[in-house]
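Its first residue numbered 1398, the sequence shown is counted upward by one per residue in the numbering used here. Every residue gets a Cβ at the ideal spot worked out from N, C-alpha and C, and that includes glycine.
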Amino acid sequence: MSRIRSKDTKAELVLRRALWEKNIRFRIHSDLVFGKPDIFIMKHRLAVFVDGSFWHGYNWESKRIQIKSNVDFWVAKIERNMERDRKVNITLSEQGFTVMRFWDHQVLKELPKCVNQVLLYIESCRMGKIPDFN
């Protein structure tokens, strides 16, 4: 587990590079914002998280039964992560931020869609209309 990265994962780097190429400037892992979003754009009050499929419970109901070793530990850990994600979303929304969460496999396979979603949000902020992506 020492090789598991909590930040600067491949998916996160790919998304950051793509946004940078589109001239979107951001901060990463900012302590200024609750939950330390992977990508943070203060001007538009946007917090973007890139979640690992295993660690954050993608398709959890079917994946849960596939865990064979140390089941009690892993189920509890992943469910705590999922609960923490919900709390972060709620807290940031209450503070007036828009939260976007992308799965790591989504970023790696459908990068243009992810980038486009961020760009659409930023463009709508510039036009004075803030969409609800939550």
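Of the residues the options, the one placed nearest residue i, counting alpha carbons only
| i | options | result |
| --- | --- | --- |
| Arg1481 | Leu1443, Trp1452, Pro1509 and Met1439 | Trp1452 |
| Lys1404 | Val1515, Arg1422, Ile1421 and Asp1435 | Asp1435 |
| Phe1423 | Lys1510, Ile1519 and Leu1508 | Ile1519 |
| Ser1450 | Val1512, Asn1478, Phe1431 and Arg1442 | Asn1478 |
| Thr1495 | Ser1459, Val1472 and Phe1431 | Phe1431 |
| Gly1493 | Arg1442, Arg1523, Ala1415 and Lys1433 | Arg1442 |
| Cys1522 | Thr1406, Asn1486 and Lys1440 | Lys1440 |
| Thr1406 | Glu1491, Trp1457 and Phe1446 | Phe1446 |
| Val1512 | Met1524, Met1497 and Ser1459 | Met1497 |
Exposed unless 16 or more other CB atoms sit within 10 angstroms - verdict on residue i
| i | result |
| --- | --- |
| Leu1517 | exposed |
| Ala1444 | buried |
| Gly1454 | buried |
| Trp1417 | exposed |
| Ile1475 | buried |
| Ile1462 | exposed |
| Ile1438 | buried |
Rounded Cβ spacing between residue i and residue j (contact assumed at less than 8 Å)
| i | j | result |
| --- | --- | --- |
| Leu1508 | Ala1415 | 6 Å |
| Val1536 | Ile1421 | As displayed, the chain neither begins before 1398 nor continues past 1531, which places residue 1536 out of reach and without an answer. |
Residue i at chain C interface by Cβ criterion, 8 Å
| i | result |
| --- | --- |
| Leu1410 | The structure shown contains no chain C; it is built from a single protein chain. |
Is there contact here, the segment 1488-1507 with the segment 1402-1411, by at least three beta-carbon pairs under 8 Å?
-> yes
Curious, which full-length beta strand (DSSP E) runs of at least 3 residues does the segment 1457-1531 contain?
-> 1495-1500
Counting pairs of beta carbons, one from the segment 1457-1472 and one from the segment 1424-1433, are three or more of them closer than 8 Å?
-> no
3 or more residues per run - each beta strand (DSSP E) lying fully within the segment 1426-1456 = 1436-1438 and 1443-1448
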